[in-house]
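This report concerns only the one structure given below.
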């Protein structure tokens, strides 16, 4: 992290994600800033292999690849669900647990099955982490990390959001991210937390 933040000028910005749910959330968060988001998918950019061992490393790798290929500033997000009782898993492998077809119903079942193996009294605390990295075509990169804490419910509830949202109930709320109005989720999610930090620094 450099002490001197670079400001992002209005105009086109590549969102280095092929996940439509993420692209939609990021587009909504960027709307007030005169930024015109274009998705990596719409530009035909390939998805790089996520070989990093941390959320920030993976976000930086994706942002750098998209900025290099597009010649535009690129914003990448790497996020995941970390379950305390599972030693932080699925963590950076959150998407991988959903398999090639990105079946998050299966991924949620896998989390639940793994918790079940630990017995009836297992803790259900979990948190979502979101790392956002923005990379300019000259290689300058800045990264920000956000987090939201909660508990896991079963069975999953709600059909809003995406990924593990239906089984994640943030602390001090009685609804899951899957049941929550998108505006309410945007106000408090891990992505919104990271986004606030990014906005303060570069927008």
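Residue numbers (this note's numbering): 58 to 260. Ideal Cβ placement from N, Cα and C applies to all residues, glycine included.
Check	Outcome
Given that a residue counts as buried once 16 or more other Cβ atoms are within 10 Å of its Cβ, and exposed if not, what is residue 79?	buried
Residue 199 bridges to which residues according to DSSP?	191
By alpha-carbon positions, which one of 234, 172, 72 and 236 ends up nearest to residue 126?	72
Since residue 133 and residue 116 should fall inside the 8 Å C-beta cutoff, what is the C-beta to C-beta distance between them, to a whole number of angstroms?	5 Å
Check for me: the alpha helix (DSSP H) holding residue 85 runs from which residue to which?	77 to 87
Taking all protein chains shown into account, decide if residue 199 is buried (16 or more other Cβ within 10 angstroms of its Cβ) or exposed.	buried
Under DSSP, the alpha helix (DSSP H) around residue 95 begins and ends at which residues?	No alpha helix (DSSP H) holds residue 95; the beta strand (DSSP E) holding it covers 92 to 96.
If you draw a straight line from the alpha carbon of residue 207 to that of residue 225, how long is it in whole angstroms?	7 Å
Select from 129, 171 and 162 the residue whose C-alpha is nearest the C-alpha of residue 146.	171
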